[in-house]
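Read the structure below first, then the notes.
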Amino acid sequence: MPAAAAQSVEEAIEVAVPVHTAYNQWTQFKTFPRFMRWVRAVEQLRPNLTRWEIGSGWATRTYMAEVVEQRPDELIAWQGLGRWTGHRGEVAFRALAPNRTEIVVRLRSVARPTRRHLLHRTPLTPRLIRSELSRFKQFIEGVGQESGAWRGVIRKGQVWPQEEKPPRSRVAGWPVG
């Protein structure tokens, strides 16, 4: 069997919204089919686990992805699971000005030499990623605000609490606050 070929893509775009707006919208995976042509459906199973349906016509595939790192207004990084273990990606957010944000998408896949593998049939090209980013830009600038947000933190695949637990008194039965 031939060796798997690694493929990497990096594309960036500037959007005319604040960094928190761009980031918050990107955390709303279920809305991706509204602006991304190749994404047919996304189901959020847990904060760090999603099921994706991508493709077109007979080339539609479903896969699972785990969010391994997530820092509000900075980064979302994921890895594919199962047959898609060779797929990794990240999207980074950087404020350029109060109402301008740079979004950088980096994808890396190891296309396995199999006919069933969608990435083997439709390689990740800079043109495809640029096209999808342009659709996101049109969407978020057209709406001007996010449709929701998830501001949690994920480190090494583990979801961290959004808020710290309230302090506990060291004296039994002593009220806090």
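Position 91 of the sequence shown, counted from 1, bears residue number 91 in the UniProt record's numbering, the numbering being contiguous throughout.
Using N, Cα and C, we set each Cβ at its ideal position, and we do this for glycine too.
Boundaries (first-last residue) of the beta strand (DSSP E) holding residue i
| i | result |
| --- | --- |
| W78 | 75 to 80 |
| Q158 | 158 to 160 |
| W26 | Not the beta strand (DSSP E): W26 falls in the alpha helix (DSSP H), residues 19 to 26. |
| T62 | 61 to 71 |
| A41 | 39 to 46 |
| A95 | 87 to 97 |
Cβ pair residue i, residue j closer than 8 Å
| i | j | result |
| --- | --- | --- |
| E69 | R155 | yes |
| V17 | I140 | yes |
| R46 | I54 | no |
| L133 | V105 | yes |
Close beta carbons around residue i, own chain, < 8 Å, minus the five adjacent residues each side
| i | result |
| --- | --- |
| R88 | A77, W78, Q79, G80, L107, R108, S109 |
| L32 | Position check: residue 32 holds Phe in this sequence, whereas Leu was assumed. Once the five neighbours on either side are set aside, the close Cβ partners of F32 are V39, V42. |
| V159 | R46, P47, N48, G152, V153 |
| E11 | V104, V105, P126, I129, R130, L133 |
Sequence-distant residues of its chain with Cβ nearer than 6 Å to residue i (five each side left out)
| i | result |
| --- | --- |
| K137 | I13, V15 |
| residue 183 | There is simply no residue 183 to check, as the chain begins at 1 and stops at 177 in what is shown. |
| L49 | E66 |
| L96 | E102 |
| Q44 | F29, T50 |
Cβ-based neighbour list, residue i, same chain, cut-off 7 Å, excluding 5 preceding and 5 following
| i | result |
| --- | --- |
| G82 | Y63, M64 |
| A22 | V15, F93, T101, I103, I140 |
| E90 | L75, I76, A77, R106 |
Presumed contact (8 Å Cβ cut-off) between residue i and residue j, rounded CB distance
| i | j | result |
| --- | --- | --- |
| R151 | P72 | 5 Å |
| F35 | R130 | F35 to R130, Cβ: 14 Å. No contact. |
| F93 | V9 | About 18 Å; that fails the 8 Å criterion. |
Boundaries of the alpha helix (DSSP H) in which residue i is found, first to last residue
| i | result |
| --- | --- |
| E132 | 126 to 143 |
| F29 | Careful: F29 lies outside any alpha helix (DSSP H) and carries neither H nor E. |
Give a yes or no on contact between the stretch 21 to 29 and the stretch 143 to 154, applying the rule of three or more CB pairs nearer than 8 Å. With contact defined as three or more Cβ pairs closer than 8 Å, the stretch 21 to 29 and the stretch 143 to 154 are in contact.
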